[in-house]
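Here's the structure we're looking at; comments come further down.
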Amino acid sequence: MLTTWWQNRLFGAGYRLTAPREIVIDILIETDNHLSVEDIYVKALKINPSIGLATVYRTLDLFAQIGIAQKFDFGDGKARYELTDNPKKDHHHHLICIRCKAIIDYSDFMKEELRLMDKTQAALSQKHQFKIMHHTIHFYGICEKCRKSH
Ligand SMILES: [Zn+2]
Ligand SMILES: [Zn+2]
Ligand SMILES: [Zn+2]
5 MLTTWWQNRL FGAGYRLTAP REIVIDILIE TDNHLSVEDI YVKALKINPS
55 IGLATVYRTL DLFAQIGIAQ KFDFGDGKAR YELTDNPKKD HHHHLICIRC
105 KAIIDYSDFM KEELRLMDKT QAALSQKHQF KIMHHTIHFY GICEKCRKSH
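Its first residue numbered 5, the sequence shown is counted upward by one per residue in our numbering.
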């Protein structure tokens, strides 16, 4: 059987594939949003009514720890999660509004941006003899809507 990148990461870190882990992964693959623990819990309940909130918490914690998911933490106890690499979604960067906590995905990169990423990655790999596998880019600020309401 073909294993996926996230299974490799899970097994590689010494963990098994349990039913709750599979449910949480499926939810993360199928969504276009950055979901909170509660969002994921509500969806998980529809798949398996016996799943517990604590299990969902632990599962997401584990996924963030071993790099299966990235965690967006606003320090308000409402962390949001997204798969590190979702086969159903284009590689994207994030604009994160610190006021309304909106997370904007964009993948319509500017030419300057692509050139900068390529150059930076090449130079970093060279300088540190480091093989770069992937990257995440987050820009923090105030979104258009929030700027207009002030
Ligand atoms: Zn990128
Ligand atoms: Zn905003
Ligand atoms: Zn995203």
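Where is the CB? At the ideal position from N, CA and C, for every residue including glycine.
Tell me, please, which residues DSSP counts as bridged to residue i.
| i | result |
| --- | --- |
| residue 33 | Beta-bridge pairing links residue 33 to no other residue. |
| residue 75 | 85 |
| residue 98 | 109 and 142 |
| residue 39 | 85 |
Excluding the 5 residues flanking residue i on each side, which residues of the same chain have their C-beta closer than 8 Å to its C-beta?
| i | result |
| --- | --- |
| residue 33 | 87, 90, 91 and 92 |
| residue 139 | 121 and 125 |
| residue 71 | 13 and 88 |
Excluding sequence positions up to five away, which residues of its chain have a Cβ less than 6 Å from the Cβ of residue i?
| i | result |
| --- | --- |
| residue 14 | none |
| residue 105 | 78 |
For residue i, name the three-state secondary structure that DSSP assigns.
| i | result |
| --- | --- |
| residue 143 | strand |
| residue 16 | helix |
| residue 151 | helix |
| residue 128 | helix |
Report buried or exposed for residue i, applying the criterion of at least 16 other Cβ atoms within 10 angstroms of its Cβ.
| i | result |
| --- | --- |
| residue 142 | exposed |
| residue 31 | buried |
| residue 17 | exposed |
| residue 127 | exposed |
| residue 63 | buried |
| residue 84 | buried |
For residue i, decide whether its Cβ has a neighbour in chain D, counting only Cβ atoms nearer than 8 Å.
| i | result |
| --- | --- |
| residue 48 | The structure shown has no chain D; it contains just one protein chain. |
For the stretch 58–73 against the stretch 22–31, do three or more pairs of beta-carbon atoms, one drawn from each stretch, fall closer than 8 Å, so that the two count as touching? yes
Is the stretch 92–102 close to the stretch 40–58, with three or more CB pairs under 8 Å? no
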